[in-house]
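Presented below is the structure to which this report refers.
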Amino acid sequence: MNKISVKIFRMGNQRGQAAIFVALMFNVLFVFFAMAINVALVVHDKINLQNSVDLAAYYAATKQAEVLNAIAHTNYQIRQSYKLLAWRYRVLGNMGLSGSNVHPAKVPATATVDVLYPPGEGPSVCVYYSDIWDDVPKTENLCKDLNQTIPELPDVKEIFSLIFGNVQIAESSIDYRVAYGEYCDKLAAHNWWYGMSILHAFRLDQRNRKALIYALGANLSRGDDFLDLDGNSVLEGARQTFIKNLTYTNRSSFEGGSGEFTLVNSLAGVEASKWLVEIKIAPALLYSDRSTVGCNSINKPLQSPVERPSAKEILRRDVNSGGLGAVGLEQWMQDSILQASDYQFSIGVEKNPWYMAYVGVRASTTPRQIFFPFAGGVAMAARAFAKPFGGRIGPWYMSSWDQSAQASGGGKMVDELMAPRVGTGGLPLNANDKRRFPNYSRFPGDTLGLKSRLALASINGLAANLRANFDFYRNIKADFSIGGANDILPWNFKTQEVPDVRNVELAAITPDLFDITYYSIEPNFTKNYLERIQANRNALGIPGDLPLRPDLGFRTGVTPTYSIQDQLKMALEKSYWRPESFYFVRSKAHLLTDWLPGPGAFNYKVGDALASFGRCALPDDNLKFRNPGSCVAGGGRTGYSVKLISRDALLSGQHAIGGEGAAPGPIQNPPDASAGW
43 MNKISVKIFR
53 MGNQRGQAAI
63 FVALMFNVLF
73 VFFAMAINVA
83 LVVHDKINLQ
93 NSVDLAAYYA
103 ATKQAEVLNA
113 IAHTNYQIRQ
123 SYKLLAWRYR
133 VLGNMGLSGS
143 NVHPAKVPAT
153 ATVDVLYPPG
163 EGPSVCVYYS
173 DIWDDVPKTE
183 NLCKDLNQTI
193 PELPDVKEIF
203 SLIFGNVQIA
213 ESSIDYRVAY
223 GEYCDKLAAH
233 NWWYGMSILH
243 AFRLDQRNRK
253 ALIYALGANL
263 SRGDDFLDLD
273 GNSVLEGARQ
283 TFIKNLTYTN
293 RSSFEGGSGE
303 FTLVNSLAGV
313 EASKWLVEIK
323 IAPALLYSDR
333 STVGCNSINK
343 PLQSPVERPS
353 AKEILRRDVN
363 SGGLGAVGLE
373 QWMQDSILQA
383 SDYQFSIGVE
393 KNPWYMAYVG
403 VRASTTPRQI
413 FFPFAGGVAM
423 AARAFAKPFG
433 GRIGPWYMSS
443 WDQSAQASGG
453 GKMVDELMAP
463 RVGTGGLPLN
473 ANDKRRFPNY
483 SRFPGDTLGL
493 KSRLALASIN
503 GLAANLRANF
513 DFYRNIKADF
523 SIGGANDILP
533 WNFKTQEVPD
543 VRNVELAAIT
553 PDLFDITYYS
563 IEPNFTKNYL
573 ERIQANRNAL
583 GIPGDLPLRP
593 DLGFRTGVTP
603 TYSIQDQLKM
613 ALEKSYWRPE
623 SFYFVRSKAH
633 LLTDWLPGPG
643 AFNYKVGDAL
653 ASFGRCALPD
663 DNLKFRNPGS
673 CVAGGGRTGY
683 SVKLISRDAL
693 LSGQHAIGGE
703 GAAPGPIQNP
713 PDASAGW
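If you use my numbering, the sequence shown corresponds to residues 43 to 719, in order.
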């Protein structure tokens, strides 16, 4: 019995030792398990923190990109306005030409790519002809030649009252001389009035749109906390994006006060005029004045007043009294009035590539994990940068921009037909530079522009069907105010309807190949951007007296939502474009030429890889909501996209962004490394 008892005791003792060993091993295994879980949770929280910071930076950069898109489209609106000035000057302002130098619009069947005017010479405005203008007596046309010499009509003397018919001839000669003089007076007055009206309309239009560009630019430069187009704080939006994407432990730590969130805006404190550099120009127009003796053509710039006293009187007389009411225009005759003025002519702005638009986000948390209930949390931090890219505010004036330069200044002109850039004070460097006559490139590399016979005859049936009235143009230089018409296009004031000449002008300035190469053009700017800007103008710092206007073609109270896609639709429906005019963009989908993801998006190979550029499988026309670019799926896009960018890239000194011949260098606004960025 004793042996058996001892054996049983030994067996029980062995079991107890195993239990103790298992208990000890469980503690060790639990510690390893807890450590593994904690490490995993720490890694998870760290990854989550970085992802949340990435999303916050991405959010802020998208808001930055939206403002840049609004600036880019407004900049294009200025180019369209300049194209309108050039078309009015070279087409409507000269369609009276006939005979050996007939205007190409009158012979579209034989129009070829050729030069209408001799090299180095420009057209001279002459609009007092009856081919188009209803105000001019039928069959009258003193605009048919570039240079006319018409002597003064002789004064028939009354020789002897008994001579049959002599008295009547003398009296008739007086009537003819009076009528002839009045016709010459009206000719000179209307030529100057039309030329100065279209020039001043451009002056006002570019001034107002330029003011919007700089107001939006100043908003981006206001500080690290700028506003989006809806008037909301981008800093707060980025912060909420960050918080909503945090894990429970990260969020508890952050909201408990043991974390921080910081946003940096690369354009903060950079004056808008430094990174949005105005391209100041001084366009010049010639007009056909008439001599005081006879009715001889005198082609001279608008800065020179008409010579005939009676013509001056017609200009200054009130419209209701049969005059042109041009007293307000006379003050704008001299270039010198533009010095240090926001009325200085410009073709918009060029984006300084050395001031890069980007945002940075830095955040920290101290999450405490589940198996460290009494210990402090693990301090962790993350940083991210994101930037808009792929959009185009507009072409540089020159093709090269050195890192230290204030404007583009090397290489060749991007638009070789553009007016020369002015010097200090806003005055032209060379007042006799023939490039001052308004003209523009229709496609990259264009050397003719509106000197081409094809371009001058690009609208179907222009000479045969177009009728206009001077009264249609009486307000193109006025009503730029809150609640005003704000319209530089012709309007039929008698019928309150759209005259044909208005649609013809719009068709002539629709986007072309040059435009879609160098500008980000929003098809439906009013709905996607402008209405938001209008609703939040005070918060965005836009002057209270600045009219915020849609694309050309709108009229307050008539077509308030008019946009580029409406221009294209109208021109297509009315078949305005001649088939030979290859440079016109004929579909709003062709505006979708900015960056988009997919194969070939970075190497630009020709073929199927780029099939989605300039196309759209699902437009937003029949949808209740509107989408930027007016394309919902299966196509390209317009405007800036957003991408994350590394800190090393921003700090690099090898940015090759200065164009032709410019040396690589660092950007002007890199992250502040000394402050932890």
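Where a beta carbon is used, it is the ideal one built from N, C-alpha and C, also for glycine. Note that the structure is a prediction, hence the values are computed from the model and not measured.
{"query": "If I follow the unbroken alpha helix (DSSP H) through I558, where does it start and stop?", "result": "L555 to Y560"}
{"query": "When we look at the beta-carbon of I389 and count the other beta-carbons within 10 Å, is it buried (16 or more) or exposed?", "result": "buried"}
{"query": "Report yes or no: do three or more beta-carbon pairs, one from the region 232-248 and one from the region 359-372, lie closer than 8 angstroms?", "result": "yes"}
{"query": "Determine the direct distance from the alpha carbon of V306 to that of T104, and round the result to whole angstroms.", "result": "14 angstroms"}
{"query": "What residues in its chain sit with their C-beta under 7 angstroms from that of D513, if we drop five residues either side in the sequence?", "result": "F535"}
{"query": "Give the DSSP-derived three-state secondary structure of R281 in the structure shown.", "result": "helix"}
{"query": "Distance check for T116 and L262, CA to CA, integer angstroms please.", "result": "16 angstroms"}
{"query": "Among A447, N578 and M375, which has the Cα closest to the Cα of G700?", "result": "A447"}
{"query": "Can you give the Cα-Cα distance for I321 and R463, rounded to whole angstroms?", "result": "7 angstroms"}
{"query": "Enumerate in chain order the residues of its own chain whose CB-to-CB distance from S140 is below 6 angstroms, with the five nearest sequence positions on each side excluded.", "result": "K186"}
{"query": "In three-state DSSP terms, what is Y329?", "result": "strand"}
{"query": "Please state whether DSSP places R219 in a helix, a strand or coil.", "result": "Because R219 carries a pLDDT of 47, less than 50, the predicted location of this residue cannot be relied on, and the following value inherits that uncertainty. If DSSP states are grouped into helix, strand and coil, R219 belongs with the helices."}
{"query": "So is D475 buried or exposed if we call it buried at 16+ other beta carbons inside 10 Å?", "result": "exposed"}
{"query": "Could you tell me which of V155, R130 and V144 sits nearest to V723, measuring between CA atoms?", "result": "Residue 723 cannot be examined here, being either before or after the span of the chain that is shown, 43 to 719."}
{"query": "For P592, name the three-state secondary structure that DSSP assigns.", "result": "coil"}
{"query": "Check this for me: beta carbons of R425 and R404, under 7 angstroms apart or not?", "result": "yes"}
{"query": "For D663 and P706, I'd like the C-alpha separation in whole angstroms.", "result": "44 angstroms"}
{"query": "According to DSSP, H697 sits in a beta bridge with which residue or residues?", "result": "G707"}
{"query": "For the alpha helix (DSSP H) that I518 lies in, which residues bound it at each end?", "result": "First-last for I518: undefined, no H or E at that position."}
{"query": "So, do the region 263-277 and the region 92-100 have three or more beta carbon pairs nearer to each other than 8 angstroms?", "result": "no"}
{"query": "Go ahead and pull the three-state DSSP assignment for Y256.", "result": "helix"}
{"query": "Using the C-alpha atoms, what's the distance from K393 back to G436?", "result": "7 angstroms"}
{"query": "My output table needs one value for L660: the three-state DSSP class, helix, strand or coil.", "result": "strand"}
{"query": "Does the region 496-511 come into contact with the region 562-582, if we say contact requires no fewer than three beta-carbon pairs (one atom in each stretch) closer than 8 angstroms?", "result": "no"}
{"query": "Is the distance from the Cβ of N517 to the Cβ of R591 below 7 angstroms?", "result": "no"}
{"query": "Pick from L693, H86 and F567: whose alpha carbon is nearest that of F596?", "result": "F567"}
{"query": "Residue ranges of each alpha helix (DSSP H) run of no fewer than 4 residues wholly in the region 369-443, ordered along the chain?", "result": "369-372"}
{"query": "Rounded to the nearest angstrom, what separates L712 and L686 at their Cα positions?", "result": "Residue identity check: residue 712 is Pro in the sequence provided, not Leu. Approximately 15 angstroms between the Cα atoms of the pair."}
{"query": "Please report the residue range of the beta strand (DSSP E) in which L305 lies.", "result": "E302 to N307"}
{"query": "DSSP three-state call for E458: helix, strand or coil?", "result": "coil"}
{"query": "Assign T635 to buried or exposed, taking buried as 16 or more other Cβ atoms, counted over all protein chains shown, within 10 Å of its Cβ.", "result": "buried"}
{"query": "In the DSSP assignment, what residue or residues form a beta bridge with K685?", "result": "K429"}
{"query": "Check for me: the alpha helix (DSSP H) holding I606 runs from which residue to which?", "result": "I606 to E615"}
{"query": "Can you grab the Cα-Cα spacing for the pair P351 / N341, in whole Å?", "result": "17 angstroms"}
{"query": "Starting from N362, follow the beta strand (DSSP E) in both directions and report where the run begins and ends.", "result": "N362 -> no beta strand (DSSP E), and no H or E assigned at all."}
{"query": "Where does E200 fall in DSSP's three states?", "result": "In this predicted model, E200 has a pLDDT of only 48, less than 50, meaning its place in the structure is not dependable enough to derive any value."}
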